[in-house]
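Colleague:
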């Protein structure tokens with residue numbers, strides 16, 4: 400397969416509680432089930448791309464606790480290049496407590512841990528390997544200065560970059576991500592970045608076009624059960640139709656979307672075709688519980704697509 404993908408981003412340990420309902424403030428309730436797994440937006444996107452056969456490299460930081468070995472082993476088992484996965488002494492790994500309702504809706508907290516130590520210097524140490532990549536993915540679970548530095552690095556060396564502005568902080572300097580090839584927010588993140596309301600498809604297009612006017616080349620808005628919206632500076636907005644499935648757990652669906660988009664995009668540089676596949680892959684992921692373990696292999700995904 401042509402194309403290599405790098406992820407400069409986060410890894411987390413998912414601590415997943417399945418609950419009949421969310422507790423009220425101050426309330427203690429019993430939950431029927433708990434699971435633990437590997438997660439984090441950066442790692443999730445890397446695993447999704449690798450499960451689909453992509454050549455993937457990870458630039459990230461782990462702690463020196465019991466979670467680190469499992470995280471590294473998980474990358475290696477998935478065929479991901481871990482040369483630039485570094486341990487931070489005296490620091491915990493990142494964790495993400497996740498609460499999932501029967502409908503599949505979820506609430507997530509993140510504790511960055513070692514992810515907060517990923518620095519521009521780490522990107523520079525990986526520079527030679529990054530220059531061999533066709534697309535670099537970033538998220539905002541690591542320091543913003545590292546994301547800004549990586550976007551600038553990609554622009555300087557002619558490497559395409561994708562920024563998933565999640566979670567979108569209030570202090571995000573949008574001028575420093577405008578050189579990204581792709582900006583991929585959801586509706587809430589788009590509203591935060593653009594400073595505009597996003598309550599409808601028309602709102603999403605208007606907000607996305609405001610970012611195009613600032614210099615972003617392509618904006619892809621993920622719309623959950625409504626598919627996705629593609630906007631660039633040269634063409635009309637394109638709505639990518641959703642795939643109807645019965646949701647079991649929506650955790651990690653956005654990361655499944657981005658990781659699969661990256662995999663198909665680097666293969667042939669066809670944005671629309673890659674988005675069509677990404678919508679399908681994300682839909683398939685929510686039919687199973689968990690995050691990374693819900694991501695289909697090539698064979699499993701082919702079977703899902705044939706069933707549509």
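Numbering (the working numbering), first residue to last: 400 to 707.
We put the CB at the ideal spot given by N, CA and C, even for glycine.
If you scan the region 501-557 from start to end, which runs of the alpha helix (DSSP H) of 4 or more residues do you find wholly inside it?
Modeller: Listed in chain order, the complete alpha helix (DSSP H) runs (minimum 4 residues) inside the region 501-557 are 519-524, 526-529, 543-556.
Colleague: Relative to the alpha-carbon of residue 505, which residue among 477, 651, 593, 573 has its alpha-carbon at the smallest distance?
Modeller: 651
Colleague: Could you give the residue range of the beta strand (DSSP E) that holds residue 617?
Modeller: 617-621
Colleague: What separation, rounded to the nearest whole angstrom, lies between the Cα atoms of residue 538 and residue 544?
Modeller: 12 Å
Colleague: Whole angstroms are fine: how far does the CA of residue 429 sit from the CA of residue 573?
Modeller: 42 Å
Colleague: Check the C-beta distance from residue 443 over to residue 691 and give it rounded, since I have them as a contact under 8 Å.
Modeller: 6 Å
Colleague: Excluding the 5 residues preceding and the 5 following residue 588 in the sequence, name in chain order all residues of the same chain whose CB lies nearer than 8 Å to its CB.
Modeller: 564, 565, 566, 567.
Colleague: Please identify the residue among 623, 582, 617 whose C-alpha is closest to the C-alpha of residue 636.
Modeller: Checking every option, the nearest Cα to that of residue 636 belongs to 617.
Colleague: Below 8 Å on the Cβ atoms is my contact criterion, and I expect residue 686 with residue 647 to pass it. Report the Cβ-Cβ distance as a whole number of Å.
Modeller: 6 Å
Colleague: Decide if the region 601-617 is in contact with the region 575-588; the criterion is three or more beta carbon pairs, one per stretch, under 8 Å apart.
Modeller: Segments in contact, yes.
Colleague: For the beta strand (DSSP E) that contains residue 602, what are its first and last residues?
Modeller: Premise fails: residue 602 lies in the alpha helix (DSSP H), 600-613, not in any beta strand (DSSP E).
Colleague: Going by C-alpha to C-alpha distance, which of 469, 424, 557, 575 sits closest to residue 412?
Modeller: 469
Colleague: In chain order, what residues of the same chain lie with their CB nearer than 6 Å to the CB of residue 681, ignoring the 5 residues before and after it?
Modeller: 652, 655, 656
Colleague: Going by beta-carbon coordinates alone, are residue 694 and residue 676 separated by less than 8 Å?
Modeller: no
Colleague: Could you pull out every residue in the same chain whose Cβ sits closer than 8 Å to the Cβ of residue 436, ignoring the five residues on either side in sequence?
Modeller: 412, 413, 415, 689, 690, 691, 692
Colleague: How many Å lie between residue 598 and residue 607 at the Cα?
Modeller: For residue 598 and residue 607, the distance between alpha carbons rounds to 13 Å.
Colleague: In this structure, how does DSSP classify residue 635 when only helix, strand and coil are distinguished?
Modeller: coil
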